[in-house]
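Notes for the one structure printed next.
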Amino acid sequence: MFGSIYIIYRTICDANMRQKYIITEFIKSKELKDIKEQLNHVSWKSGLDSLCSDPNNIPSNYKSNLETNLLDYESWNAAIHNNISFHNFVVTKGWSNIFISRMKEGDYYKPHVDEHIIDNVISHYSTTIFLSNPDEYDGGELSLYLNGEIKNFKLNAGHAITYETGIPHCVNEVTRGCRDVLAFWCESHIPDMNDLDALRYYSKMQKIVESKNNYEVFDCLEDYVGSDFYQFQSKTNMILKKYGLRTNVVKSMKTA
Ligand SMILES: [Fe+2]
0 MFGSIYIIYR TICDANMRQK YIITEFIKSK ELKDIKEQLN HVSWKSGLDS LCSDPNNIPS
60 NYKSNLETNL LDYESWNAAI HNNISFHNFV VTKGWSNIFI SRMKEGDYYK PHVDEHIIDN
120 VISHYSTTIF LSNPDEYDGG ELSLYLNGEI KNFKLNAGHA ITYETGIPHC VNEVTRGCRD
180 VLAFWCESHI PDMNDLDALR YYSKMQKIVE SKNNYEVFDC LEDYVGSDFY QFQSKTNMIL
240 KKYGLRTNVV KSMKTA
């Protein structure tokens, strides 16, 4: 009954390979206003002191460390925990400190790849949260090299892109105004990106089956074992077991 849905969905996934990034809303407008107000009072340090070991990759930007200047970690950790879409995508294990980057007219990041260990955290995903709205500055797009193509991102304030660490990227020169972003890096429970993509797929399929109440029509155990629901559930559990994870890790994935 639902076979055609699965085939179409899987075909789309195969054609585009795995999902390498996600866009989510991290900060609502009220919190955003508070953060922007605080940015008026922080002290900025040269971006040349930044995380990247090669200073040639950071020619002209400024950053400030959240730990000393902005928000407290408990609030910020809560903000990350509350972003279910982000959590479902990454299957988050831990994350780095948060850095604030301010770019003014003439600033840019040259093409580079983020380090895989940042703040003693193994980074599987990089996240940039835009704090400035697109009409506040010109240029300053985050440019990712994805599947052989360059894709530009300039998101509304409060929205973020989370992408696989290892994707080459740059920030185009800001030609007007001021571009503020928060950035952090995080580790996934599932470091093999193909396994992670498969887990997302099987969880999604379980969700579709459940939403159709397909599982209610089983008359006997044989029906259940032969069902699509069981197949997807079984494959989901296999991946979780491989990484020593319990099934409750993906419970929120199914309810999101
Ligand atoms: Fe970067």
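Here the sequence shown is numbered in numbering that gives the first Met the number 0, starting from 0 and rising by one per residue.
Backbone N, C-alpha and C fix where the C-beta goes; we use that ideal spot for every residue, glycine too.
Small disclaimer: the values here were computed from a predicted structure and weren't measured.
Item	Value
Going by beta-carbon coordinates alone, are ALA182 and PHE98 separated by less than 7 Å?	yes
Hey, out of PHE217, PHE85, GLN232 and ASP218, whose CA is closest to MET204's CA?	GLN232
Going by alpha carbons, who is nearest to SER131 out of GLY243, VAL208, SER142 and LEU31?	LEU31
Is it right to say HIS80 is buried, meaning 16 or more other beta carbons lie within 10 angstroms of its own, or is it exposed?	exposed
Checking 7 Å against the spacing of the C-beta atoms, do VAL180 and SER100 come in under that value?	yes
Please look up how many angstroms separate the CB atoms of GLU114 and VAL173, rounded, as I've assumed it's under 8 Å.	Wrong, their Cβ atoms sit about 23 Å apart, outside the cutoff.
When you measure from the CB of ASP113 to every non-hydrogen atom of ligand 1, does any distance come out below 6 Å?	yes
Given a threshold of 16 other Cβ atoms within 10 Å of its Cβ, counted over all protein chains shown, does GLY147 qualify as buried or as exposed?	exposed
To the nearest angstrom, report how far apart TYR259 and PHE217 are at their CA atoms.	No statement about residue 259 is possible, as the shown extent of the chain runs from 0 to 255 and does not include it.
GLU24 and LYS92: beta carbons closer than 7 Å?	no
Do you know how far the Cα of ILE166 is from the Cα of LYS150?	11 Å
Based on the DSSP secondary-structure assignment, which residues constitute the bridge partners of ARG175?	ASP137
Determine the closest residue to TYR242 out of HIS168, VAL90 and TYR201, with distance taken between C-alpha atoms.	VAL90
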